[in-house]
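Asker: Below are the structure tokens for one structure; questions will follow.
Residue numbers (this note's numbering): 10 to 333.
In structure tokens, the structure reads:
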């Protein structure tokens, strides 16, 4: 349709209100019997011709203030225009409110997302803290458990060591007790195997005359009575007891000599062997004690090679005792 031109009429009653009439450039061209073309300043028609053309559209009484301006939109009457303006204003307000609401909702959503992200981050930090504390407690528990196990092992080692020491002491005591027991049994066996010494004449008298002390109440009283009775006996009365005692003594000497020969010889020290060899040369008129002092002094004065032969003889006696 080409460009449109509007004629605006200014009313004196209300300077703020305009009434517009519009027509198309094609209608204007047809009225002018002119070809359709874009109008320019040189194509404007004269005022009388414009009056003739616009007379069906405008009021002639108010034509004095007419002017031709470019058309900027479809013209309407004032009430419709105001209604449309109110409607447009309301639509704009609605759009503006909607945009503000959307903006507010967007802002709230962003704040909620931000708050949710913050809470999530805090939860993650709290979970991490709890996890770290749990790991720390777990490690502390394991360390304490390990420490208790080490302490238990240490106490066990100490207890085992104490038990071993006590067992060793008990074994030593048992060994010593067994050794004493064996020694006592050995001494008892030796004593049982050793020939009994014969009684003296006085003891033969006491054993053969128990009636003399029949009324005695104590050992001391019996001994006193036997002593007095023995003193009152003459040599002829004592002779049977003396002869019997002498006979038994001679028999005992022979038996004891055989017994002693059957016993294993005890090892002798080098000094004892030296003393035995020196005793063979002791003068009969020299006391043993005085002679032993001389032997001790001579032993100290001996040189190493001289003592060596006595030490060799002592070692030989120890070897023979081990073999036996």
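Don't be surprised by glycine CBs; every beta carbon is placed ideally from N, CA and C.
Assuming residue 264 is part of the alpha helix (DSSP H), what are its boundary residues?
Answerer: Per DSSP, residue 264 belongs to the alpha helix (DSSP H) from 244–271.
Asker: Taking residue 210 as part of the alpha helix (DSSP H), name the residues at either end of that continuous run.
Answerer: Residue 210 -> alpha helix (DSSP H) spans 210–217.
Asker: Can you say whether residue 295 is buried or exposed, counting buried as having 16 or more other CB atoms within 10 angstroms of its CB?
Answerer: Flag for residue 295 reads exposed.
Asker: Taking 6 Å as the limit between beta carbons, can you name the residues of its chain near residue 326, skipping five residues before and five after?
Answerer: If we look at residue 326 and ignore the five residues flanking it on each side, its Cβ neighbours are 276, 277.
Asker: According to DSSP, is residue 224 helix, strand or coil?
Answerer: Coil, per DSSP.
Asker: Using the three-state DSSP reduction, which class does residue 180 fall into: helix, strand or coil?
Answerer: Helix at residue 180.
Asker: Check residue 294 in the structure and name its three-state DSSP category.
Answerer: Coil at residue 294, not helix or strand.
Asker: Is the distance from the Cβ of residue 283 to the Cβ of residue 292 below 9 Å?
Answerer: No, the pair does not count as a contact, with Cβ atoms beyond the cut-off.
Asker: Thinking C-alpha only, which one of 173, 141, 221 is nearest residue 236?
Answerer: For the residues 173, 141, 221, the minimum Cα distance to residue 236 belongs to 221.
Asker: How far does the alpha helix (DSSP H) with residue 360 in it extend, from its first residue to its last?
Answerer: The chain is shown only over 10 to 333; residue 360 falls outside these bounds and no answer can be derived.
Asker: Just the Cα atoms here: how many angstroms apart are residue 313 and residue 255?
Answerer: C-alpha separation (whole angstroms): 50 Å.
Asker: With burial defined as no fewer than 16 other Cβ atoms inside 10 Å of the residue's Cβ, what is the status of residue 303: buried or exposed?
Answerer: Burial call: exposed.
Asker: Are the region 252–266 and the region 218–233 touching by the rule of at least three beta carbon pairs closer than 8 Å?
Answerer: At 8 Å Cβ cutoff, the stretches do not touch.
Asker: Does DSSP put residue 192 in a helix, in a strand, or in coil?
Answerer: Residue 192: helix per DSSP, three-state reduction.
Asker: Let me know if residue 279 comes out buried or exposed under the rule of 16 or more other beta-carbons within 10 Å of its beta-carbon.
Answerer: Per the 10 Å Cβ criterion, buried.
Asker: Enumerate in chain order the residues of its own chain whose CB-to-CB distance from residue 189 is below 8 Å, with the five nearest sequence positions on each side excluded.
Answerer: If we look at residue 189 and ignore the five residues flanking it on each side, it has no Cβ neighbours.
Asker: For residue 207 and residue 257, which I take to be in contact (beta-carbon distance under 8 Å), what is that distance rounded to the nearest angstrom?
Answerer: 3 Å between Cβ atoms; contact.
Asker: Relative to the alpha-carbon of residue 214, which residue among 185, 177, 231 has its alpha-carbon at the smallest distance?
Answerer: Checking every option, the nearest Cα to that of residue 214 belongs to 231.
Asker: Can you tell me whether residue 307 is helix, strand or coil according to DSSP?
Answerer: Correct three-state label for residue 307: helix.
Asker: May I ask whether a heavy atom of the ligand NAD can be found less than 8 Å away from the beta carbon of residue 188?
Answerer: The ligand NAD is absent from the structure shown, which contains no ligands of any kind.
Asker: Is the distance from the Cβ of residue 211 to the Cβ of residue 250 below 9 Å?
Answerer: Contact flag set, yes.
Asker: What's the gap between the Cα of residue 152 and the Cα of residue 183?
Answerer: Approximately 45 Å between the Cα atoms of the pair.
Asker: Of all the options 200, 123, 305, 169, which has the alpha carbon lying nearest to the alpha carbon of residue 269?
Answerer: Ranking 200, 123, 305, 169 by Cα distance to residue 269 puts 200 first.
Asker: Using 9 Å as the threshold, is the C-beta distance between residue 308 and residue 317 below it?
Answerer: No; because the gap between Cβ atoms is not below 9 Å, this pair is not in contact.
Asker: Consult DSSP for residue 206 and reduce its assignment to one of helix, strand or coil.
Answerer: Of the three classes helix, strand and coil, the one that applies to residue 206 here is coil, per DSSP.
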